[in-house]
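Since the structure comes first, as structure tokens, the remarks are kept for the end.
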Amino acid sequence: MSEPKDCLPSHAYGAQTYPRFMPVGDAALTVEFGDVILAGIHAEVLALDMAVAAAEVSGVTETAPSYRSLLVCYEPAEISFGALVARLRPLLTRPAQPAQRSPRQWTVPVLYGEPSVTDVDEVAGRLGLSPAELVAMHAGADYVVYFVGAAPGMPMMGGLPTALHLPRRPQPRPRIPVGSVVTAGSQATVISIPMPSGWHILGHTPIRPLDLSLPDPFLFRSGDTVRFRPITRVEYDDLTARADRGETVVLPEAAP
Amino acid sequence: MTGPHLLAVAPSPFVTVQDGGRQGWQRFGVSSCGAMDMRALAAANLLVGNPPGAGGLEFAYAAGEWRLNAASCRIAVTGGGFRVRIGERTLPPWRSVTLRRGESLQVDGGVDAVWGYVAVAGGIDLPRQLGSMSTHLRSGIGGLQGRTVQAGDAVPLALADAPGGPEQALPPPEKDAGPLRVVLGPQDDYFWAEAIETFLSAPFTVSPQIDRLGYRLVGPTLDHAKGFNVISDGVVPGCIQVPGDGKPIVLMRDCQPPGGYPKIATLVSADFGRLAQSRPGTILHFRQVGIAEAQLLRRRMVAAMAAMRGELAMINNSVRFRRPVEQTPR
């Protein structure tokens, strides 16, 4: 039989101490920095991710950041759980400024309300905004890529203005196209593979978050910052044609 | 197609190309994929002289009917007690056999397993995407255009001729009926102590809802103490997540990182293949082990897989052709 557990979940005793190290089976662990989605917590996740990469910890096979934790996969034949935790702890030095990194800034061109199905009018109506106000607010915000996931190459972004938060659609669509610029709840993303989705479609971009024909198939990385730029149908068609020819239609700048 | 290939004449509905998996891309939202039963894939590969993690065909319950369009090809079928038919001959699994041009291969009749493997000597000649041949159906990556094998598909072979040397056999793995071992967490603190006790003592049944993404289990409801929404975080195959209905789902090879339900425990690597091979209706028990024991079990599993090469036994070819070994499904 197992050891008896505490009768109450740890939460009931009050604040949890972070960061904490939790085994995820015998070949991975999670370093958790908090229980909420916050830019400061996410910065700690990315700082550890970079520190682990820089330290080249032997036995670590891959790492994957998410909102508030870092998944560290390792080979237990090379390093035990205990030894890995001991190796990771000194890497947890909190950076004075969250960005010793140089985040990349993307400007993503978006044709709002076109060319295929969109929810701009419906979402604007439910939020008590005009379609133009909705577009201005979505395109006026600064977004941070918290992590790339949920689908290959898909940037899960925070930064959506509170006035645009809206729960998912009750009925997911069976398939929405690549390049759909979507929101749900407090999150925003760009669809990277054709997929079923209950997210709200505000527009479409010619850029491809995932292109397996490229040496680096993934456009976005955790920590990148993103803005959306409204474009006309003419520019959309032009950029789409260029993207179809394999041209790069958008490049990142170094953020200020 | 004109190159040497295995033609899918009437493949079963769920055949994909899988190999040792796609490591290193979780940070970009790419699942690790790979064979559901890595040991069985490794066995099939060893039988035909391939590296253990080479790409092979993975099927569920039966592989269907295939035909060789190449001079010859050595193959091996593993995973369970499947019936392997080459033309008119019926052979047991867990051994290699050489097909001649135009011969048909049919694999069915497995009663003790879910996933089976067909390895071909020299390997499948498909490009690797992100370092692997493994098919991820949901994102359309790897394998044959990221999808299941369909009737009429040609699976390209790296070799036009079977290699020389005797055929090989391996003993089928011993059945282990003991409880599946788990390491608690990472979110066991989302559950009441009673729920964890129930999880570690009650029987759970494999439901009919099983696939490469996850296995739904039927059993007592596991009550959450802190609600069932966690902020999505990293998952690995073997994580046992419990959604709002309190019914556990074991995440399998194609699971999508990250995941948003509390994970009560994670299956040890050494028992992953055993769960994967558990058919709907199988009754399971879980037993908690500490991280040190789980890692010891994993080292033993790695050692056992490395030792498999030493268990290969040659088969006398003349005997094989005069007295084909008959096997009927039990």
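So the protein sequences, as listed, match chains X and G.
Numbering-wise (my numbering), the first sequence opens with residue 15 and increments by one.
Numbering-wise (my numbering), the second sequence opens with residue 27 and increments by one.
Just so you know, even glycine gets a beta-carbon here, dropped at the ideal spot from N, CA and C.
From a predicted model like this one, the values you see are computed outputs, not experimental measurements.
With distance defined between alpha-carbon atoms, name the residue in the options nearest to residue i.
{"i": "P145 (chain X)", "options": "X:V158, X:D156, X:G127", "result": "X:G127"}
{"i": "A296 (chain G)", "options": "G:A102, G:G46, G:D63, G:G307", "result": "G:D63"}
{"i": "L178 (chain X)", "options": "X:V66, X:M171, X:L141", "result": "X:L141"}
{"i": "T75 (chain X)", "options": "X:A165, X:V66, X:G48, X:A257", "result": "X:V66"}
{"i": "I112 (chain G)", "options": "G:L94, G:L277, G:L322", "result": "G:L94"}
{"i": "L84 (chain X)", "options": "X:L102, X:P90, X:V204, X:A91", "result": "X:L102"}
{"i": "F234 (chain X)", "options": "X:R222, X:F242, X:P244", "result": "X:R222"}
{"i": "G79 (chain G)", "options": "G:G264, G:P205, G:R65, G:G307", "result": "G:R65"}
{"i": "A202 (chain X)", "options": "X:V122, X:D258, X:A100", "result": "X:V122"}
{"i": "R243 (chain X)", "options": "X:A69, X:D156, X:L105, X:V71", "result": "X:D156"}
{"i": "P229 (chain G)", "options": "G:L338, G:E114, G:V103, G:G307", "result": "G:G307"}
{"i": "P263 (chain G)", "options": "G:L183, G:D280, G:G204", "result": "G:D280"}
{"i": "D179 (chain G)", "options": "G:P212, G:A188, G:Y287, G:G169", "result": "G:G169"}
{"i": "E267 (chain X)", "options": "X:A255, X:R256, X:T239", "result": "X:T239"}
{"i": "R121 (chain G)", "options": "G:D187, G:S130, G:P199", "result": "G:P199"}
{"i": "S194 (chain X)", "options": "X:S80, X:Q119, X:V134", "result": "X:V134"}
{"i": "Y88 (chain X)", "options": "X:V59, X:P33, X:L106, X:A42", "result": "X:A42"}
{"i": "Q303 (chain G)", "options": "G:R164, G:I150, G:E84, G:A318", "result": "G:E84"}
{"i": "V99 (chain X)", "options": "X:L52, X:P79, X:V45, X:A61", "result": "X:V45"}
Under 8 Å, Cβ to Cβ, is there at least one residue of chain G near residue i?
{"i": "G167 (chain X)", "result": "yes"}
{"i": "P37 (chain X)", "result": "yes"}
{"i": "S83 (chain X)", "result": "yes"}
{"i": "E76 (chain X)", "result": "yes"}
{"i": "A255 (chain X)", "result": "no"}
{"i": "S80 (chain X)", "result": "yes"}
{"i": "L8 (chain X)", "result": "Residue 8 (chain X) is absent from the structure shown; chain X starts at 15 and stops at 270."}
{"i": "I207 (chain X)", "result": "yes"}
{"i": "I51 (chain X)", "result": "yes"}
{"i": "Q111 (chain X)", "result": "Residue confidence for Q111 (chain X) is low, a pLDDT of 49 falling below 50, so the modelled location carries little weight; the figure read from the coordinates is stated next. Q111 (chain X) does not count as touching chain G."}
{"i": "A202 (chain X)", "result": "no"}
{"i": "A42 (chain X)", "result": "yes"}
I think residue i touches residue j, with their Cβ atoms under 8 Å apart; what is that distance to the nearest whole Å?
{"i": "A15 (chain G)", "j": "G82 (chain G)", "result": "The requested residue 15 (chain G) is not part of the displayed model; chain G covers only 27 to 356."}
{"i": "L216 (chain X)", "j": "V196 (chain X)", "result": "7 Å"}
{"i": "I93 (chain X)", "j": "G73 (chain X)", "result": "3 Å"}
{"i": "P210 (chain X)", "j": "P184 (chain X)", "result": "14 Å between Cβ atoms; not a contact."}
{"i": "A34 (chain G)", "j": "Q176 (chain G)", "result": "7 Å"}
{"i": "V209 (chain G)", "j": "G39 (chain X)", "result": "6 Å"}
{"i": "H31 (chain G)", "j": "V181 (chain G)", "result": "6 Å"}
{"i": "P284 (chain G)", "j": "D249 (chain G)", "result": "No, P284 (chain G) and D249 (chain G) are not in contact; Cβ-Cβ is about 24 Å, not under 8 Å."}
From what residue to what residue does the beta strand (DSSP E) around residue i run?
{"i": "R93 (chain G)", "result": "90-95"}
{"i": "V181 (chain G)", "result": "180-182"}
{"i": "I190 (chain X)", "result": "187-190"}
{"i": "H31 (chain G)", "result": "31-37"}
{"i": "I205 (chain X)", "result": "That residue, I205 (chain X), is in no beta strand (DSSP E); it is neither H nor E in DSSP."}
{"i": "L83 (chain G)", "result": "82-86"}
{"i": "I236 (chain G)", "result": "230-236"}
{"i": "A198 (chain X)", "result": "194-198"}
{"i": "V110 (chain G)", "result": "109-112"}
Note the first and the last residue of the continuous alpha helix (DSSP H) segment covering residue i.
{"i": "E337 (chain G)", "result": "317-337"}
{"i": "L224 (chain X)", "result": "Unbroken run through L224 (chain X): none, as it is neither H nor E."}
{"i": "M151 (chain X)", "result": "145-154"}
{"i": "D134 (chain G)", "result": "D134 (chain G) -> not in any alpha helix (DSSP H); beta strand (DSSP E) instead, spanning 130-134."}
{"i": "G50 (chain G)", "result": "Where G50 (chain G) is concerned, there is no enclosing alpha helix (DSSP H), given that its DSSP letter is neither H nor E."}
{"i": "G139 (chain X)", "result": "134-141"}
{"i": "E249 (chain X)", "result": "247-258"}
{"i": "R300 (chain G)", "result": "298-302"}
{"i": "A195 (chain G)", "result": "Note, A195 (chain G): premise wrong, no alpha helix (DSSP H); beta strand (DSSP E) at 193-195."}
For a cutoff of 8 Å on Cβ pairs, would you count residue i as touching chain X?
{"i": "D237 (chain G)", "result": "no"}
{"i": "G79 (chain G)", "result": "no"}
{"i": "I167 (chain G)", "result": "yes"}
{"i": "Q321 (chain G)", "result": "yes"}
{"i": "S295 (chain G)", "result": "yes"}
{"i": "G204 (chain G)", "result": "no"}
{"i": "P274 (chain G)", "result": "no"}
{"i": "R324 (chain G)", "result": "yes"}
{"i": "T174 (chain G)", "result": "no"}
{"i": "C59 (chain G)", "result": "no"}
{"i": "G299 (chain G)", "result": "no"}
Please list the residues of the stretch 38-55 of chain G that have a C-beta atom closer than 7 Å to any C-beta atom in chain X, keeping them in chain order. Q49, G50, Q52, R53, F54, G55
Please list the residues of the stretch 90-101 of chain X that have a C-beta atom closer than 7 Å to any C-beta atom in chain G, keeping them in chain order. P90, A91, S94, F95
Pull out every residue of the stretch 129-160 of chain G whose Cβ sits closer than 8 Å to any Cβ of chain X, in chain order. Considering only beta carbons, the part of the stretch 129-160 of chain G lying closer than 8 Å to chain X consists of Q155, L156, in chain order.
Please list, in chain order, the residues of the stretch 249-261 of chain G that have any C-beta partner in chain X closer than 8 Å. Look at the stretch 249-261 of chain G: the residues with a C-beta under 8 Å from a C-beta of chain X are A251, K252, I257, S258, D259, G260, V261.
Chain G contacts made by the stretch 152-164 of chain X, where a contact means CB separation under 8 Å: Only those residues of the stretch 152-164 of chain X whose C-beta falls short of 8 Å from the nearest C-beta of chain G are listed: F161, V162, G163, A164.
In the stretch 276-289 of chain G, which residues sit with their C-beta less than 9 Å from some C-beta in chain X, listed in chain order? Q282, P283, P284, K289
The stretch 210-240 of chain X: which residues have C-beta closer than 9 Å to a C-beta of chain G, in chain order? L224, L226, P231, F232, F234, R235, S236
What are the residues in the stretch 210-237 of chain G lying within 9 Å of chain X by C-beta distance? L210, G211, P212, Q213, D214, D215, Y216, F217, W218, A219, E220, I222, E223, L226, S227
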